[in-house]
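Here the structure is laid out as structure tokens; the discussion comes afterwards.
In our numbering, the protein residues as written are 116 to 329.
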């Protein structure tokens with residue numbers, strides 16, 4: 116079962132991807148993890164990616180696709196995988212399809228976790244993070260026991276720059292411009308399924324399982 120997760124930043128697709136991976140016992144693959152693993156292991160692809168990242172430049176689509184293809188051809192992916200954060204653009208999606216075709220494979224599902232922008236801005240504006248230990252909270256959905264203090268290490272929790280409304284709006288406009296066209300791309304392929312991401316997380320997962328099957 117080969118799945119692509121789609122959705123705006125903050126829609127909760129990463130959380131759902133992890134749950135899908137756990138239930139169906141398939142790897143959850145994010146491009147960030149792939150980059151880090153290849154760089155840490157000093158692979159040829161990792162070295163190439165690092166030269167771009169060190170300059171603060173985006174890793175080219177072709178190289179990103181090579182890294183993803185390298186990962187999904189490993190033994191633990193033989194029963195499928197969940198892609199989270201790739202593809203982000205139509206050229207990336209086309210590169211992925213072409214690379215899969217070479218090994219006689221295609222994606223099975225593209226699942227769009229659909230959440231309106233307004234909900235995302237409110238949702239992300241409520242996030243709080245501990246910069247000391249990395250624990251994350253939400254003032255409404257997952258508050259700390261003591262306001263402003265991390266449950267794990269007692270340090271102060273903060274609203275990260277990434278989660279501030281003006282930053283979220285910028286990220287959303289990039290998403291609508293670059294990534295949303297993928298919705299139509301996969302709809303035309305007949306593999307797109309949409310779920311209502313405004314529901315509680317467990318209900319969203321139940322809807323996804325109804326699409327994928329038990």
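Ideal Cβ placement from N, Cα and C applies to all residues, glycine included.
Can you tell me whether residue i is buried or exposed, with buried defined as 16 or more other CB within 10 angstroms of its CB?
{"i": "residue 128", "result": "buried"}
{"i": "residue 150", "result": "buried"}
{"i": "residue 207", "result": "buried"}
{"i": "residue 153", "result": "buried"}
{"i": "residue 198", "result": "buried"}
{"i": "residue 285", "result": "exposed"}
{"i": "residue 144", "result": "buried"}
{"i": "residue 193", "result": "exposed"}
{"i": "residue 289", "result": "exposed"}
{"i": "residue 117", "result": "buried"}
Can you tell me which of the three DSSP states residue i falls into?
{"i": "residue 178", "result": "helix"}
{"i": "residue 273", "result": "strand"}
{"i": "residue 313", "result": "coil"}
{"i": "residue 257", "result": "strand"}
{"i": "residue 201", "result": "coil"}
{"i": "residue 288", "result": "helix"}
{"i": "residue 118", "result": "strand"}
{"i": "residue 228", "result": "strand"}
{"i": "residue 323", "result": "helix"}
{"i": "residue 330", "result": "Not covered by the structure: residue 330. The range shown for the chain is 116 to 329."}
{"i": "residue 216", "result": "helix"}
Look at the alpha carbon of residue i and the alpha carbon of residue j, and state the distance between them as a whole number of angstroms.
{"i": "residue 221", "j": "residue 315", "result": "31 Å"}
{"i": "residue 196", "j": "residue 223", "result": "10 Å"}
{"i": "residue 147", "j": "residue 260", "result": "31 Å"}
{"i": "residue 287", "j": "residue 281", "result": "10 Å"}
{"i": "residue 214", "j": "residue 202", "result": "13 Å"}
{"i": "residue 187", "j": "residue 216", "result": "13 Å"}
{"i": "residue 173", "j": "residue 141", "result": "28 Å"}
{"i": "residue 258", "j": "residue 252", "result": "6 Å"}
{"i": "residue 267", "j": "residue 170", "result": "35 Å"}
{"i": "residue 185", "j": "residue 191", "result": "12 Å"}
Out of the options, which one is the CA nearest neighbour of residue i?
{"i": "residue 181", "options": "234, 298, 284 and 161", "result": "161"}
{"i": "residue 178", "options": "170, 165, 296 and 171", "result": "165"}
{"i": "residue 256", "options": "313, 140, 117 and 143", "result": "313"}
{"i": "residue 248", "options": "270, 263 and 157", "result": "270"}
{"i": "residue 200", "options": "264, 131 and 172", "result": "131"}
{"i": "residue 302", "options": "156, 205, 176 and 155", "result": "205"}
{"i": "residue 279", "options": "238, 217, 159 and 319", "result": "238"}
{"i": "residue 235", "options": "254, 283 and 172", "result": "283"}
{"i": "residue 175", "options": "185, 184 and 163", "result": "163"}
{"i": "residue 137", "options": "320, 325 and 232", "result": "320"}
Cβ pair count under 8 Å reaching 3, the segment 214-233 against the segment 290-309: By the C-beta criterion, the segment 214-233 is judged to be in contact with the segment 290-309, since at least 3 inter-stretch pairs fall below 8 Å.
At least three beta-carbon pairs within less than 8 Å, the segment 271-281 to the segment 234-248: Verdict: yes, contact present.
Stretch-stretch touch, CB-based, cutoff 8 Å, three pairs: the segment 290-306 with the segment 117-124: Yes: the two stretches touch, three or more of their Cβ pairs being nearer than 8 Å.
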